[in-house]
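Residue numbers (my numbering): 358 to 738.
Don't be surprised by glycine CBs; every beta carbon is placed ideally from N, CA and C.
For clarity, every value in this text was computed on a predicted model and none was experimentally measured.
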C-alpha cells in the first residue's frame with residue numbers, strides 16, 4: 358500500500374500549528390503559580406519524547422523528495438525561496454521585502470507566492486497586505502496550491518521571477534536559490550524538532566540551503582551569536598552565513614504615512630502585537646527611546662474582530678490615565694485595523710527594515726540567479 362504523501366503533508370502542517378498553540382499555552386501558564394513548575398517540566402519532557410515520531414514523518418517526506426518518489430514541479434521561471442527551519446517569527450516578511458525591492462531595482466517582474474495562512478475575508482493575510490503597501494506593482498499570489506500559483510505567474514501574469522515565501526519545507530516546487538532564516542536569539546532548547554523544540558525539520562537539512570541569514574543578530578549576545586554560528590557551520594560554509602538586523606525606520610498612521618522615530622523619545626506608550634516574536638517588537642520600541650507602560654500580545658496572524666477592538670480600546674483608555682500618549686503596533690497588525698485611534702490614543706505602527714551585512718554579496722547571488730533565465734531588460738532610449 359502506497360503512502361498518501363498529500364495527507365502526510367497536511368498532517369505535518371496541522372501538527373505544527375497545534376504544537377505552536379500548545380507551546381504558547383504552556384509558556385503562558387508557567388508563571389501563573391509556582392506549584393505548576395513540575396507540571397511544566399513534565400509537559401516539556403513529554404513534548405520532547407513526541408519529537409521523535411514527528412522527526413520520522415518529516416524525514417520520510419524529505420527522503421521522498423530527495424529520492425524522486427515525490428514529484429517536484431520545476432517552473433520555467435527562476436525561483437528564489439525564503440524560508441526557515443523553525444516555527445515562529447524569524448523576520449521572513451522583511452527578508453521577502455528586501456528581495457522584492459532588490460529584484461524590482463533590476464527591472465524584473467516579480468511575483469510572490471505564499472500559502473496565505475491566516476487569510477482575512479478578502480482572501481489576503483496580513484503579510485500580503487503589508488507587502489502590498491510597499492510594492493503595489495508586485496502581485497502576491499496566496500493559495501494552498503503554490504504550483505498552480507507558479508503556473509499562473511508564468512502563463513498569465515508574464516512574470517520573470519518568483520519569490521517563494523516560507524518555501525524551505527515546500528519542496529513540491531523546485532527552487533534555484535534557497536535562503537534560510539534563523540533567529541539568532543533562539544534558545545538552545547529551540548533546536549529540538551517539534552513538538553519538543555521549534556524546528557520543523559532536522560538541522561542537517563541546512564545542507565540544502567544556498568545561504569543562511571541569522572536574523573536579529575543585534576539582539577543576540579556575542580555568546581549566543583557565536584553558538585548559533587558554530588551550529589550552522591556544521592552544515593553551511595562560513596562564507597554563506599550572513600547577519601541581519603531589524604532596524605526601526607519610522608512610524609506610520611492612517612493620516613500620516615511617515616512619522617519620525619525621534620518623536621517617540623521619552624514618550625509613554627502602550628504597545629500590542631500579534632506576531633511570532635513579540636519580544637523583538639517591544640525591544641525595538643525601547644531601543645528608540647519609548648517608555649512602554651503596558652504591552653499586550655495576541656497570537657501570530659491574529660484576525661482582529663469588533664470585540665478585540667473594543668477590548669484594546671478600553672485597555673488603552675485605562676493606561677491613558679497613567680500618562681500613555683500613544684498606542685503602537687506592528688505594520689502587520691495595523692494593516693488589519695486601519696483606524697486612527699484606539700481608546701482615545703492615536704494608533705501608530707512601527708516600520709521596520711532589514712539591514713544585512715555583506716548585502717552586496719548576498720544580493721549579487723540572488724540577482725544572478727534571477728537573471729539566469731532572464732536577459733537584462735533593454736534600457737529605454
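Task: From 544, 674 and 520, residue whose alpha carbon lies closest to that of residue 555 - done: Locating residue 555 in the chain shown gives position 198, where the first residue counts as 1. Ranking 544, 674 and 520 by Cα distance to residue 555 puts 544 first.
TODO: Taking residue 521 and residue 436 to be in contact with their CB atoms under 8 Å, please state how far apart those CB atoms are, rounded to whole angstroms.
DONE: Here residue 521 is taken as the residue at index 164 of the chain shown, counted from 1. Here residue 436 is taken as the residue at index 79 of the chain shown, counted from 1. That pair is a contact at about 6 Å.
Open item on the list: Any contact between the stretch 499 to 506 and the stretch 464 to 473? By contact I mean 3 or more CB pairs, one from each, below 8 Å.
Closed with: yes
Open item on the list: On the criterion of 16 or more Cβ atoms from any shown chain inside 10 Å, does residue 464 qualify as buried, or is it exposed?
Closed with: Walking along the chain shown from the start, residue 464 turns up at place 107. Residue 464 is exposed by the Cβ-count criterion.
Open item on the list: Classify residue 580: buried if its beta carbon has 16 or more other beta carbons within 10 angstroms, exposed otherwise.
Closed with: To locate residue 580, count along the chain shown from 1; it is residue 223. By the neighbour-count rule (16 or more Cβ atoms within 10 Å), residue 580 is not buried but exposed.
TODO: Please work out which residues of its chain come closer than 8 Å, Cβ to Cβ, to residue 697, disregarding the five sequence neighbours upstream and downstream, and give them in chain order.
DONE: As a first step, residue 697 is located in the chain shown; it is residue number 340 there, counting from the start. Excluding positions up to five away in sequence, the list reads 610, 611, 612, 703 and 704.
TODO: Answer with buried or exposed for residue 448, where buried requires no fewer than 16 other C-beta atoms within 10 angstroms of its C-beta.
DONE: Numbered from 1 along the chain shown, position 91 holds the residue referred to as residue 448. Counting Cβ neighbours within 10 Å, residue 448 comes out buried, since at least 16 surround it.
Task: Per-residue burial, residue 628 [other beta carbons within 10 Å of its own, 16 or more giving buried] - done: As a position in the chain shown, residue 628 is number 271, starting the count at 1. Burial call: buried.
Open item on the list: If you measure between the beta carbons of residue 499 and residue 473, is that distance less than 7 Å?
Closed with: Taking the first residue of the chain shown as position 1, residue 499 is located at position 142. Taking the first residue of the chain shown as position 1, residue 473 is located at position 116. Yes. Within cutoff.
TODO: Take residue 541 as the anchor and find which of 511, 552 and 578 has the nearest alpha-carbon.
DONE: Taking the chain shown and counting its residues from 1, one reaches residue 541 at position 184. The shortest Cα separation from residue 541 among 511, 552 and 578 belongs to 578.
TODO: Determine the DSSP secondary structure at residue 514, reduced to helix, strand or coil.
DONE: Numbered from its first residue, the chain shown carries residue 514 at position 157. Here residue 514 sits in coil by DSSP.
Task: C-alpha distance - residue 524 paired with residue 680, whole-angstrom precision - done: Here residue 524 is taken as the residue at index 167 of the chain shown, counted from 1. Here residue 680 is taken as the residue at index 323 of the chain shown, counted from 1. C-alpha separation (whole angstroms): 44 Å.
Task: Option in 527, 678, 664 and 601 with minimal Cα separation from residue 418 - done: The residue you call residue 418 lines up with position 61 of the chain shown. For the residues 527, 678, 664 and 601, the minimum Cα distance to residue 418 belongs to 527.
Open item on the list: Just to confirm my understanding: we take residue 653, look at its own chain, exclude 5 residues before and 5 after, and list those with CB closer than 6 Å. What are they?
Closed with: Counting from one through the chain shown, the residue named residue 653 turns up at place 296. So the qualifying residues of the chain are 629.
- [ ] Using the Cα positions of residue 529 and residue 563, report the straight-line distance between them to the nearest angstrom.
- [x] Here residue 529 corresponds to residue number 172 of the chain shown, with the count starting at 1. Here residue 563 corresponds to residue number 206 of the chain shown, with the count starting at 1. Distance between the alpha carbons of residue 529 and residue 563: 17 Å.
- [ ] State the beta-bridge partners of residue 441 as determined by DSSP.
- [x] For this step, residue 441 is matched to residue 84 along the chain shown. Paired residues: 538.
Open item on the list: Going by DSSP in three states, residue 595 sits in which element: helix, strand or coil?
Closed with: Numbered from 1 along the chain shown, position 238 holds the residue referred to as residue 595. Residue 595: helix per DSSP, three-state reduction.
- [ ] Answer with buried or exposed for residue 606, where buried requires no fewer than 16 other C-beta atoms within 10 angstroms of its C-beta.
- [x] Counting from 1 along the chain shown, the entry for residue 606 is found at position 249. With fewer than 16 Cβ atoms within 10 Å of its Cβ, residue 606 is classed as exposed.
Open item on the list: Whole angstroms are fine: how far does the CA of residue 422 sit from the CA of residue 626?
Closed with: Your numbering for residue 626 matches position 269 in the chain shown. Your numbering for residue 422 matches position 65 in the chain shown. Distance between the alpha carbons of residue 626 and residue 422 is about 49 Å.
- [ ] For the stretch 653 to 672 and the stretch 580 to 598, state whether three or more C-beta atom pairs, one from each stretch, are separated by less than 8 Å.
- [x] no
Open item on the list: Alpha carbons only, please: which of 662, 456 and 593 is nearest the one belonging to residue 561?
Closed with: In the chain shown, residue 561 corresponds to position 204, counting from 1. Residue 593 is the option with its Cα nearest to residue 561.
Task: Exposure label - residue 420; buried when at least 16 CB within 10 Å - done: In the chain shown, the residue the question calls residue 420 occupies position 63. Looking at its Cβ environment, which holds fewer than 16 other Cβ atoms inside 10 Å, residue 420 is exposed.
Task: Bridge partners - residue 629, DSSP secondary structure assignment - done: Locating residue 629 in the chain shown gives position 272, where the first residue counts as 1. DSSP output for residue 629 lists 653 as bridge partner(s).
Task: For residue 727, the first and last residue of its enclosing beta strand (DSSP E) - done: Numbered from its first residue, the chain shown carries residue 727 at position 370. Per DSSP, residue 727 belongs to no beta strand (DSSP E); it is in the alpha helix (DSSP H), 716 to 728.
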